[in-house]
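A.B. asks: Quick one: structure below, then a few questions.
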Amino acid sequence: MSRCPVHTLLDFERFAHGTPRALIDELRAQHRILWETDDYSGGHWLLFRQEDIDHVLKTPALFTNAFSPILDDFPPEVLAEQQKSLTFMDPPEHRKYRSLIDHAFRLKALESRRPAMENAAREIVDAVIARGECEFVNDVAMQMPMRVMFELLGVHAADYARVVQLVNTLSMADDPDFAENRMAGFQASMDLISFGAELAADHRRNPRPSMTMDVLEANVDGRALDDAEFGRLFNNLLVGGLETTRNTLALGLHQLILHPEQYRLLEQDASLVPGAVEEFLRHQNTVVYLRRTATEGMEFLGERIRKGDKLVCVLGSPNRDPEFFPEPERFDITRPPAIARKHYRTFGQGGHYCVGVHQARLNLEVMLAEIVKRMTEFRLLAPPRHTRSIFMEGYKEMRVGFRARG
Ligand code: HEM
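All residue numbers for the sequence shown refer to this note's numbering, where the first residue is 924 and numbers rise by one.
Encoded structure:
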């Protein structure tokens, strides 16, 4: 394979109107592995097939996370800081840090959280219902993940707006509406870590029940986390949990607007909500890719991979592989949810598989159930505006009209 300069997929122009899913289908049909150039350190390998993606994500000894799951080359001081955080760790450290947080998102923990989340969903819809229109992304879709994470972590309500602004800047750093340049994104990430460290210090001064307190009282290798270590975990949790869930709900509602007959199915039968959520996650996966970095030179899928090469797993590709999903491009909320869960790669795979997967599903289910119960006849008041990104698909604005039900 020649390494000729060509931007085949991960190019901002190609993502101007969202993930180019038809192009991904074509590439999966034609290539097992494909080299393309990029504007970072030169280029990367693209992978499309589920088995190849799984192999890379499950083999950290050969494909490390230590240089970030995104393509960007971090400035050395930012990289050094981030390498101490969960998302950049490999085994065995990774497992130890992850065990500090995973119990908070197990199904049992979530069941006790459900009533408060249902209350929150009611309040979120209450805030817009009389208006008959809203900007869905911020007025509705962001509200549930924000409230869940902030209440869980013991963030003071007065700080919500500041934290959301930092998360927006770092997650949407390629969009001039959120960050003046890429450096501003890196800076926001450092600021979020500092905020998390200050939150830990605040909990030590004023102990109160929260996930933050639980993590501070736990230990890794016989010692408790210091404030900076907690700050990095806080950063991982918010980056992982806010924009992803927000985007999935907004992208999913847009599909329901495009397919009103499917919305009517939900209105007639609320038991279809969990299946609809799985179809949002399959059809409209928000995380476009995960990058890993080769730890040594090797032959892989017939190509010569060099130490330091970036391998990019295109997560939405298995989601639309006809081997797993009949008529994969069709949005269909009645697909069997168990098959979707088994075959889509929306939440990644392997050791870094999304720790918040059950929380994400519950956020989406509770919010969608409340929406369907109380709102009907959704329509777009303007075309939704895509965030400029090749890593995470989402809308920064989606103005919708609707009618209150009943
Ligand atoms: C629809 C919503 C979500 C999607 C699509 C999503 C997607 C992902 C993906 C693809 C990864 C793998 C990253 C990698 O392998 O490098 C991941 C990891 C992670 N997610 Fe999620 N996520 C969602 C919701 C959440 C929520 C609600 C939380 C918090 C409660 C969360 C917290 C995390 C964390 C902390 C990690 C890092 C885990 C690790 O490195 O071991 N995510 N997520």
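The beta-carbon is built from N, C-alpha and C at its ideal position, and this holds for glycine as well.
(1) With distances taken from CA atoms, which of 1274, 1288, 1273 and 1326 is nearest residue 1299?
(2) Taking the continuous alpha helix (DSSP H) assigned at residue 1121, which residues delimit it?
(3) In whole angstroms, give me the CA-to-CA distance for residue 1192 and residue 1090.
(4) I want to know whether the stretch 1052–1068 touches the stretch 1316–1325 - three or more CB-CB distances under 8 Å.
(5) Taking Cβ positions, are residue 1171 and residue 1204 nearer each other than 8 Å?
(6) Tell me, to the nearest whole angstrom, how far the beta carbon of residue 1085 is from that of residue 1116; I am working on the premise that it is less than 8 Å.
(7) In whole angstroms, what separates the C-alpha of residue 954 from that of residue 1122?
(8) Should residue 1041 and residue 1289 be called a contact, given that it needs their Cβ atoms to be closer than 8 Å?
(9) Measuring CA to CA, which of 1271, 1284 and 1246 is closest to residue 1010?
(10) Expressed to the nearest angstrom, what Euclidean distance is found between the alpha-carbon atoms of residue 1134 and residue 1305?
(11) Ordered along the chain, which non-local residues of its own chain (more than five positions away) have a Cβ less than 8 Å from that of residue 1124?
(12) State the start and end residues of the unbroken beta strand (DSSP E) segment that holds residue 1230.
(13) From what residue to what residue does the beta strand (DSSP E) around residue 1327 run?
(14) Have a look at residue 925 and residue 1212 and give me their C-alpha separation to the nearest angstrom.
(15) What residue from 1231, 1222 and 1026 has the CA that sits closest to residue 1279's CA?
(16) Residue 925 by DSSP, collapsed to three states: which one?
(17) Would you say residue 1334 touches the ligand HEM, meaning its beta carbon is less than 7 Å from a heavy atom?
(18) Compute the minimum distance between the beta carbon of residue 980 and the heavy atoms of the ligand HEM, and state whether it is under 7 Å.
(19) With distances taken between CB atoms, is the gap from residue 950 to residue 935 smaller than 8 Å?
(20) For the beta strand (DSSP E) containing residue 1215, list its first residue and its last residue.
(21) Using the Cα positions of residue 975 and residue 996, report the straight-line distance between them to the nearest angstrom.
(22) Cβ of residue 988 within 7 Å of any heavy atom in the ligand HEM?
(23) Kindly indicate the opening and closing residues of the alpha helix (DSSP H) around residue 1041.
(24) Could you tell me which residues DSSP pairs with residue 986 in its beta bridges?
C.D. replies: Put simply:
(1) Answer by Cα proximity: 1326.
(2) Run containing residue 1121: 1105–1128, per the alpha helix (DSSP H) assignment.
(3) Their backbone Cα atoms lie some 36 Å apart in a straight line.
(4) Yes: the two stretches touch, three or more of their Cβ pairs being nearer than 8 Å.
(5) With respect to residue 1204, residue 1171 sits close: the two C-beta atoms are nearer than 8 Å.
(6) Between residue 1116 and residue 1085 the Cβ distance is about 14 Å, and since that is not below 8 Å, they are no contact.
(7) Using only the alpha carbons, I get a separation of about 47 Å.
(8) Against a cut-off of 8 Å, the Cβ pair of residue 1289 and residue 1041 comes out as a contact.
(9) Of the listed residues, the one whose Cα sits closest to residue 1010 is 1271.
(10) CA-CA distance, residue 1134 to residue 1305, rounds to 40 Å.
(11) 1150, listed in sequence order.
(12) Segment: none, residue 1230 is in no beta strand (DSSP E) and carries neither H nor E.
(13) Residue 1327 -> beta strand (DSSP E) spans 1322–1327.
(14) At residue 925, the pLDDT of 47 sits below 50, so the modelled position is not reliable and the matter cannot be decided from this model.
(15) Nearest of 1231, 1222 and 1026 to residue 1279, Cα basis: 1026.
(16) Any reading at residue 925 must be qualified, since the residue scores a pLDDT of 47, below 50, and its modelled position is unreliable; the value itself is stated next. DSSP places residue 925 in coil when its eight states are reduced to three.
(17) Outside the modelled stretch of the chain, which goes from 924 to 1329, sits residue 1334, for which no answer is possible.
(18) For residue 980, the shortest C-beta to heavy atom distance toward the ligand HEM is below 7 Å.
(19) Contact: no.
(20) Looking at the DSSP string, the run of the beta strand (DSSP E) that includes residue 1215 is 1212–1217.
(21) The alpha-carbon atoms of residue 975 and residue 996 are separated by roughly 24 Å.
(22) Correct: residue 988 has its Cβ closer than 7 Å to the ligand HEM.
(23) In the DSSP assignment, residue 1041 falls within the unbroken alpha helix (DSSP H) covering 1030–1052.
(24) Paired residue(s): 1217.
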